[in-house]
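Q: Structure incoming, see below.
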Amino acid sequence: MRKFVYGLLFMAASAVLGLSCQKDDGLAPGFDMVFQRTFTIPAGIGSFDVHHFQLKNTPSNWQQYLDQHGKTEAEITGVITSRASLGGVFGDADLSVIDRIYFRIYDDSNPNDYLEIAYRDPSPLDPGNILPLIPSLANSKRFFTNPRFSVDVVIYLRQITQRDSDVRLDLTMRATF
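Everything in the sequence shown is counted per the numbering used here, starting at 185 for the first residue and increasing by one.
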């Protein structure tokens, strides 16, 4: 009987301690940096090629973000992808033609030195007008400390595109302390 009472007290204490824990929201302390760029996926491109859409000279606004949050570059431990998506600008983009997609960040001085910051492999068959991507955990701070960076949107298609689609890259990067 004594073992039963001790076991019951142990379970009750464990439950109280377990329920009193508060989970955080999963985000590291820091601030978000938001970037948007638009481009067009043209009609008539096929599924047998890899398509690169290079969005060059995107301002990083690094110093403005640091000043706004009262931080220095040394205080920032890393920059990781918080959210990424590709969406139709006018609500009429056909994103179902996309089989795989990758966002790669690079510096114009060396396009071969890139870092994959988000991807979707495979893409859903019917994503609607917005295709959410899976963020990478790679630290991309070295690209954002420069005044400008570039993004290479790599797309593998399922079928030939039937019409031009104006799309917008939405990217939220998290600078962590």
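Beta carbons: idealized from backbone N, C-alpha and C, even for Gly.
With a floor of 4 residues, list each alpha helix (DSSP H) that falls wholly inside the segment 221-261, ordered by position along the chain.
A: Correct list: 246-253.
Q: Do T345 and V273 have their C-beta atoms within less than 9 Å of each other?
A: For the purposes of this step, residue 345 is taken as the residue at position 161 of the sequence shown. For the purposes of this step, residue 273 is taken as the residue at position 89 of the sequence shown. The answer is no: Cβ separation not under 9 Å.
Q: Checking the sheet assignment: what are the DSSP bridge partners for D291?
A: Locating residue 291 in the sequence shown gives position 107, counting from the first residue. D291 pairs with N294.
Q: When the Cβ atoms of the segment 225-245 are set against those of the segment 323-335, are three or more pairs found closer than 8 Å?
A: As far as the Cβ criterion goes, the segment 225-245 touches the segment 323-335, which means the pair count is three or higher.
Q: With a cut-off of 8 Å on the beta carbons, I'd call A322 and L299 a contact; round off their distance for me.
A: Locating residue 322 in the sequence shown gives position 138, counting from the first residue. Locating residue 299 in the sequence shown gives position 115, counting from the first residue. Confirmed, about 5 Å.
Q: Does the Cβ-Cβ distance between L250 and F287 come in under 9 Å?
A: Translated into positions along the sequence shown, residue 250 becomes position 66. Translated into positions along the sequence shown, residue 287 becomes position 103. No, these two residues do not count as a Cβ contact at 9 Å.
Q: Just to confirm the assignment, what range does the alpha helix (DSSP H) spanning F274 have?
A: Residue 274 sits at position 90 when you count from the first residue of the sequence shown. Per DSSP, F274 belongs to no alpha helix (DSSP H) and is neither H nor E.
Q: Less than 7 Å between C-beta atoms, sequence neighbours within five positions excluded: which residues of the same chain meet that for D283?
A: Here residue 283 is taken as the residue at index 99 of the sequence shown, counted from 1. Answer for D283: P306, S307, Y340, L341, R342, listed in chain order.
Q: Rank Y290, G254, T256, F223 by C-alpha distance to the C-alpha of V351 and give the top, closest one.
A: Here the question's residue 351 lines up with position 167 in the sequence shown. Out of Y290, G254, T256, F223, F223 has the C-alpha closest to the C-alpha of V351.
Q: Assuming S266 contacts R358 (C-beta within less than 8 Å), just tell me the rounded distance between them.
A: Counting from one through the sequence shown, the residue named residue 266 turns up at place 82. Counting from one through the sequence shown, the residue named residue 358 turns up at place 174. Rounded, the Cβ-Cβ distance is 4 Å, consistent with contact.
Q: Taking the C-alpha atoms as reference points, what is the distance between M217 and S293?
A: Locating residue 217 in the sequence shown gives position 33, where the first residue counts as 1. Locating residue 293 in the sequence shown gives position 109, where the first residue counts as 1. Approximately 23 Å between the Cα atoms of the pair.
Q: Thinking just about the alpha-carbon of each residue, which of R304, D336, L270, I301 is nearest to the one in P295?
A: Working through the sequence shown from its first residue, we reach residue 295 at position 111. The candidate whose alpha carbon is nearest that of P295 is D336.
Q: In this structure, how does DSSP classify S320 when only helix, strand and coil are distinguished?
A: Here residue 320 refers to the residue found at position 136 when the sequence shown is read from its first residue. Coil.
Q: Can you grab the Cα-Cα spacing for the pair Q252 / D233, in whole Å?
A: Working through the sequence shown from its first residue, we reach residue 252 at position 68. Working through the sequence shown from its first residue, we reach residue 233 at position 49. Distance between the alpha carbons of Q252 and D233 is about 43 Å.
Q: Could you name the residues of the same chain whose beta carbon sits closer than 7 Å to that of P311, not counting the 5 residues immediately before and after it, in chain order?
A: Here residue 311 corresponds to residue number 127 of the sequence shown, with the count starting at 1. Result list for P311: L279, S280, in chain order.
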